[in-house]
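In our numbering, the protein residues as written are 1 to 202. C-beta: ideal position from N, C-alpha, C; glycine also. Below you'll find the structure, written out as structure tokens, and then a few comments.
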Amino acid sequence: MDEIQQGKLKKKVWIILLIVLVLCLVGGATYYKIQQDTKEKELYAKVLGLGAPDMKAEVSFSALLIDNYSKVWSNAIDRRKDFSEAIYEFQNGDYAQKILVGLDEGEERIKENMRYLQNSPKEYSESYEILKEMYSVYTQLLEQAQSPSGSLREFNRKTSEYYEEYLKLENEFYISIPKEIDVLKTEFMEMEWTREDLGIFQ
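Right, here's the structure in full:
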């Protein structure tokens with residue numbers, strides 16, 4: 001084999017090695033991206049799947065407080081007392097304050113989780129849109145719990161409407177989510193939880 005042929009062979013070998021190296025680098029980068037995308041999707045699914053039961057827990061705390069407002073309000077009217085003052089006194093008592101502090105913390109946590117969920121993968125977009133509607137109703141119920149206002153009849157009517165709308169959307173959400181996410185709901189509902197357990201971003 002003469003020097004020209006040897007030179008051509010070496011050149012071909014180097015070209016092949018370079019191609020193999022490039023393919024390895026591209027393949028490695030692609031594999032890394034797939035791994036990262038998978039992890040991000042798993043985290044997204046977890047936050048989405050726990051979003052509804054987390055919100056439902058806070059809705060339940062709101063409903064508990066709202067129910068007490070309604071009783072205090074009604075009793076004040078029956079006794080011909082100033083209902084605004086009666087609600088103010090109840091709202092500033094230890095029982096109501098503990099719930100209100102928890103509701104404020106829950107509001108921040110859920111808001112942060114909803115921000116994270118904004119960039120939805122295609123397969124979860126329908127569930128996210130329903131959860132977003134649930135969030136809107138949740139904030140209305142939260143406002144009822146944080147700042148009761150209007151007449152007692154109007155207050156009770158709005159609360160009932162919001163709660164019914166929330167339950168309707170919740171059913172739609174659980175119908176829309178993939179099975180692997182629905183498992184998270186079952187696990188969540190069986191947990192002995194506190195508010196701290198819900199803070200994915202705490």
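- Assignment of Q146 by DSSP, reduced to helix, strand and coil, places it in the helix class.
- Distance check between R115 and each of Y163, D82, L131, V101 places L131 closest, using alpha-carbon atoms only.
- C-alpha of I110 to C-alpha of G51: approximately 8 angstroms in a straight line.
- For K158, the CB contacts under 7 angstroms within the same chain, skipping 5 residues up- and downstream, are Q144 in chain order.
- If you compare the alpha carbons of L152, S60, I177, Y88 with that of Y163, the shortest gap goes to S60.
- Taking all protein chains in view, the Cβ of S62 is crowded by 16 or more other Cβ atoms within 10 Å, so the residue is classified as buried.
- Y128 places its beta carbon 9 angstroms or farther from that of S136.
- One Cα belongs to A96, the other to S147, and the distance between them is close to 12 angstroms.
- Between the alpha carbons of N92 and A76 lies a distance of about 16 angstroms.
- Boundaries of the alpha helix (DSSP H) harbouring E161: 152-176, taken from the DSSP string.
- Inter-residue distance for Q118 and Y44 is about 10 angstroms (C-alpha atoms, whole angstroms).
- Burial of E170 is indicated by the presence of at least 16 other C-beta atoms within 10 angstroms of its C-beta.
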